[in-house]
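Asks:
Chains as they are written, first to last, in the numbering used here: chain A, 18 to 411; chain S, 98 to 623.
1. Could you tell me which whole alpha helix (DSSP H) segments of length 4 or greater appear in the region 263-287 of chain A?
2. Anything in chain A within Cβ reach of residue 537 of chain S, meaning under 9 Å, just list it in chain order.
3. What first and last residue would you give for the alpha helix (DSSP H) that runs through residue 237 of chain S?
4. Label residue 355 of chain S either buried or exposed according to how many other C-beta atoms from any shown protein chain fall within 10 Å of its C-beta, with 16 as the threshold for buried.
5. Ignoring anything shorter than 3 residues, give me the beta strand (DSSP E) runs that lie fully in the region 94-159 of chain A, in order along the chain.
6. With a CB to CB cut of under 6 Å and the five nearest residues on each side skipped, what residues in its chain are close to residue 172 of chain S?
7. Taking residue 198 of chain S as the reference, which of S:213, S:186, S:555 has the closest Cα?
8. Counting contacts by CB-CB distance shorter than 7 Å, is residue 280 of chain A in contact with chain S?
9. Could you work out which residues of chain S lie near residue 277 of chain A, taking near to mean beta carbons separated by less than 7 Å?
10. In chain order, which alpha helix (DSSP H) runs of at least 4 residues are fully inside the region 350-410 of chain S?
11. Three-state secondary structure (DSSP) at residue 77 of chain A?
12. Strictly below 9 Å CB to CB, what residues from chain A border residue 509 of chain S?
13. Counting only the same chain and skipping the five closest in sequence on each side, list residues whose C-beta sits under 7 Å from that of residue 179 of chain S.
14. Residue 189 of chain A to residue 294 of chain A, Cα distance in whole Å?
15. Does the ligand NAD have a heavy atom nearer than 6 Å to the CB of residue 178 of chain S?
16. Just to confirm, are residue 162 of chain A and residue 94 of chain A a CB contact at a threshold of 7 Å?
17. Helix, strand or coil for residue 90 of chain A per DSSP?
18. Is residue 331 of chain A closer than 7 Å to residue 87 of chain A when the C-beta atoms are compared?
19. Is residue 180 of chain S helix, strand or coil when you go by DSSP?
20. What is the residue span of the alpha helix (DSSP H) that residue 425 of chain S lies within?
21. Taking a cut of 7 Å between CB atoms, which residues from the region 50-75 of chain A lie near chain S?
22. Suppose only complete runs of 3+ residues qualify. What are the beta strand (DSSP E) ranges in the region 120-181 of chain S, listed by chain order?
23. Where does residue 129 of chain S land, buried or exposed, given buried means 16+ other C-beta within 10 angstroms?
24. Under 8 Å between beta-carbons, which chain S residues line up against residue 273 of chain A? List them in chain order, please.
25. Take residue 444 of chain S and list the residues in its own chain whose beta-carbon comes closer than 8 Å to its own, dropping the five residues that flank it on each side.
26. Do you know offhand how far residue 507 of chain S's Cα is from residue 407 of chain S's?
27. Who are the Cβ neighbours of residue 167 of chain A in its own chain at under 6 Å, not counting the five residues just before and after it?
28. So within the region 189-213 of chain A, which uninterrupted beta strand (DSSP E) runs reach at least 3 residues, ignoring any that extend past its ends?
29. Since residue 541 of chain S meets chain A, which of its residues come closer than 8 Å, beta carbon to beta carbon?
30. Cutting at 6 Å between CB atoms, please list the residues of its own chain near residue 456 of chain S, excluding the five before and the five after it.
31. Among the residues of its own chain, which have a CB less than 6 Å from the CB of residue 446 of chain S, if the five just before and after it don't count?
32. Compare the Cα-Cα distances from residue 452 of chain S to each of S:401, S:436, S:150 and report the closest residue.
33. Quick one: what's got a C-beta closer than 7 Å to residue 402 of chain A's C-beta in the same chain, skipping five residues either side?
34. Checking 7 Å against the spacing of the C-beta atoms, do residue 314 of chain S and residue 139 of chain S come in under that value?
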């Protein structure tokens, strides 16, 4: 038996989460929480290539909070199997030999449960190396689940043990601390974002949001592309500092976006009769790293005609898509990461970037309510990443 | 007989004195020993203004009479000072209307039919139709504006600019093409301070950014000591070089006018007077104004003040060759505004009123308040500044964190973006000026809306460069702290607090001078 946080199906709690959302987080990490701390059976390897992993640190991602606070689209309900143990940003230790990786190896997880892990014939996407686009994530040896952390069979990082397939595992280089290693998965996502953004040389970039997703996207953009000016929208002082440290050319407050982007790009600025101001002209590439209606609406309005808007945060509904049509914007999704190269690059970034102190809160599992509260208010509290420390939870 | 200006030394019997602070004023009790500089009393205005205009046009300085310069078939252009003058706006009929009507009459009598009238606004905002009507009168407006013969100068219209040449200092002279190609250019000026007029009229009022950047920059501003003395102003030296070059290419007939200090109409006449001479009626007016302003909402206060129109008297009209005319003009201005002051002080106190040249019908934003206080008022001296090098300046103004999006769009960005990076005029100039000057959105708004040019807030900041270079401390009394901090200054609630704050710079018993302005004054500091 192991201790784990489990997310379970409860219609009243889901309705409460949708109704309250993030406005009263104390309710959703308190009496109406759709997660519970339980003792449950440890997951067992289901076949060849699978091994047990004992998590050391497991991060709390924005998508985890979205699920918890009822902000995630029901679109994903067909892609998960309940009850599941959340947690997909994991650094842990192999409990079994796993093909070429011996027991005791420190590993990080590529959480996508693609064809190889499911033991099915590779789909077109997986064959092309785009495992994050796998079409078989609901079939095969394990229950439906787009990732580890959303699948009933595999366990997740917020529990004492999980199982992972060799195709998901990446050995952590010697000398890379656990605190940096737990950031490798979100960094790999940021690497993928930077690739997908296709920033032209010297092109201008707007990153809306300075949580972990936005900050890491900024870092990856600066390190991996020839972007010119990178402007980051940040609300809180610590976020502003880190955005600069990670390569932002300038940092804007949310209400400054149209004016400052206009200034930087020398665009024309117009105010419709209702709704926010928008630009004729604007940045070459905008990245929505928040996923809210306001953030998406904002980046759509300040991206230049023919420009690219990258959805890096899990998107919300309700934004006005008129600029997409009128300005012929390319909307690009960026989900998880594709292949080993991105993880390799992420390991390099994790080793070299100024990431000390980025994991700003570590909690044992039994203090999960505090951890989730902290994660929900991380920006305001000056924290980028909150993680569960499983070593102190056993 | 008007009494000359003088310096009052505050003693036990001195009543609280008026200090202007934006859309309001306060009565301030100054420390004993404070020197208060009062401008001369308002000079009597000319009784027959139209006669004086006729006399000036018929008997010009160092020039043939205007009639002799007019002939059929010629191209005549009349340019005039824009909405930034005078302050407050003049009660109708405006002196520009009176002069231009006479010039037009003479032109018609001479058979001149190719006439255009241009508001010489440089990089200021365009004048609105109502403002053009106010300045030139209904008759002129209706006769010329509908046919496009009365219009605003456009410094960003490459098709309507003419490059004249380069001065011996390498300054490019580029002005309005119509004016440059005219057989005669008549310039109608209102000279409210000694900085105005002379070769500052045509080479600046009708110029392009390409030309203006040679004298409107932090270097010349720091070396203009002061703007009110053109012989010691690097900015004026540059304008004079340009004017002399222009003179060889364009026949310019300058008409300059001077005003008296009758700035405030009823019921605000008490603001023109010395406090201890207020009648009972003045005191009642003052009390009513204070009480009313204290409870009036800010929009109403702004409307009240922006509707003030001054019952100026005209003290002089001179016409002819620019430099000869300007000498006469300056004599008139100094007769009205000069006050002799003995020596500098440790602290200079100034009240910044609601209106400056660039916020007619708009809020005075923080940049403009700084320009008024540290630019224009600080520079209202000849000889040496009223405050010693390294001394302190205390200003009164609420400095609202507020901007007119219509008139000052680039100011907002300048305040938020540029001043967040640096407040040093030279640094700002090097890093940001060109970006703002060439920003197509600002250019579009300048040309088609009523916005000041994108580079204009830089110029306002440069105006204050000399003061910022000269003084060691600047404190604003009653100001929005956030706004003044962004500009690198400090805010105090009261004069006592402000003096306490500057004590680190000037000590605890500093000598203090308060310039009681407006009405305008120029201190001759010995």
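The beta carbon of each residue, even a glycine, is placed where N, CA and C say it ideally should be.
Replies: Working from what's here:
1. Secondary structure within the region 263-287 of chain A: the alpha helix (DSSP H) runs of 4 or more consecutive residues, fully enclosed, are 274-282 (chain order).
2. Near residue 537 of chain S (Cβ distances below 9 Å), the residues of chain A are 283, 284, 285, 298.
3. Per DSSP, the unbroken alpha helix (DSSP H) holding residue 237 of chain S starts and ends at 226-241.
4. In this structure residue 355 of chain S is buried. Its beta-carbon is surrounded by 16 or more other beta-carbon atoms within 10 angstroms.
5. If we require 3 residues or more, the beta strand (DSSP E) runs fully inside the region 94-159 of chain A come out as 106-111, 123-126.
6. Correct list, in chain order: 211, 279, 280.
7. For residue 198 of chain S, the nearest C-alpha among the options comes from S:213.
8. Residue 280 of chain A counts as touching chain S.
9. 514, listed in chain order.
10. Unbroken alpha helix (DSSP H) runs of no fewer than 4 residues, entirely contained in the region 350-410 of chain S, are found at 377-392, 395-403, following chain order.
11. If DSSP states are grouped into helix, strand and coil, residue 77 of chain A belongs with coil.
12. In chain order: 276.
13. So the list reads 216, 217, 218, 221, 224, once near-sequence residues are dropped.
14. Roughly 47 Å between the two C-alpha positions.
15. For the structure depicted, the ligand NAD is absent and the ligand set is empty, with no information on it obtainable.
16. Not a contact, by the Cβ cut-off of 7 Å.
17. Three-state DSSP puts residue 90 of chain A in coil, outside helix and strand.
18. Cβ atoms of residue 87 of chain A and residue 331 of chain A: not closer than 7 Å.
19. When secondary structure is reduced to three states using DSSP, residue 180 of chain S falls in the coil class, being assigned neither helix nor strand.
20. For residue 425 of chain S, the uninterrupted alpha helix (DSSP H) run begins and ends at 419-434, by DSSP.
21. Listed in sequence order: no entries.
22. List check, beta strand (DSSP E) in window: 122-125, 132-135, 172-178.
23. The residue is exposed, with fewer than 16 neighbouring Cβ atoms inside 10 Å.
24. Listed by position along chain S, the residues whose Cβ is nearer than 8 Å to that of residue 273 of chain A are 513.
25. Same-chain partners within the cutoff: 484, 488, 489, 490, 491, 596, 599, 603, 607, 608, 609, 610.
26. In this structure, the alpha-carbon of residue 507 of chain S lies about 30 Å from that of residue 407 of chain S.
27. If you ignore the 5 residues before and after residue 167 of chain A, its C-beta comes within less than 6 Å of the C-beta of 97, 101, all in its own chain and listed in chain order.
28. Listed in chain order, there is nothing to give.
29. Proximity of chain A to residue 541 of chain S at the Cβ level (cut-off 8 Å) is accounted for by 285, in chain order.
30. In chain order, 465 place their CB closer than 6 Å to the CB of residue 456 of chain S, counting only its own chain and leaving out the 5 sequence neighbours on each side.
31. Once the five neighbours on either side are set aside, the close Cβ partners of residue 446 of chain S are 491, 611.
32. Answer by Cα proximity: S:401.
33. Contacts found: 76, 200, 229, 375, 376, 377.
34. It is not a contact, given that the beta carbons lie outside the stated cut-off.
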